[in-house]
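Numbering (UniProt numbering), first residue to last: 1 to 140.
We put the beta carbon where it would ideally sit given N, CA and C, even for glycine.
Here the structure is laid out as structure tokens; the discussion comes afterwards.
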Amino acid sequence: MKRRRRTEILVQANTDLAKSLAYQIKQTYTYKEIVAPQYGLTMVKMRESAKKSLFYIGEMLVTEAKVEINEQIGIGVVQGMQDDLATNLAIIDAAYNAQLPETLAWADVLLEAEADIHHKRAKQQAELMETKVSFETMDV
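Have a look at this one:
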């Protein structure tokens, strides 16, 4: 599983998932905190729909952390002020970069969490569509 997809699942799922995966690594391995969780701003890109050109819509507050496990660096960046989540994401990323054996068992857990996220999103979309107004039926 690619880093982007894995991170999206961990951020969108319950924060306990990232916490439990990082806890598994903390129990067995020692990690070195390279950059403690710190706040920063990042520019947010958007694509203009008519011209298909990119532009920056504004800035967003992020929390960033870096850790090292077995000489492999992991980075965690998350929106808002979430120190623990950023650290947990960095530990998980470092574990994948170091190809630790624990990461092999995580694929099923992450896929299950992704399916749950899609299910919740579909349910929310269905609830939203129930409130949609059909203007064709309003014509009298």
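Under 8 Å between C-beta atoms of Ile25 and Ile91: yes
Three CB pairs or more closer than 8 Å across the segment 111-124 and the segment 19-38: no
Where Val109 falls: helix, strand or coil (DSSP): helix
Inter-residue spacing [alpha-carbon to alpha-carbon] between Gln12 and Val35: 24 Å
C-alpha gap between Leu61 and Pro37, whole angstroms: 13 Å
Under 8 Å between C-beta atoms of Val67 and Lys19: no
Cβ separation of Gly58 and Val44, assumed to be a contact under 8 Å, to the nearest whole Å: 6 Å
Bridge-paired residues (DSSP) for Phe55: Met46
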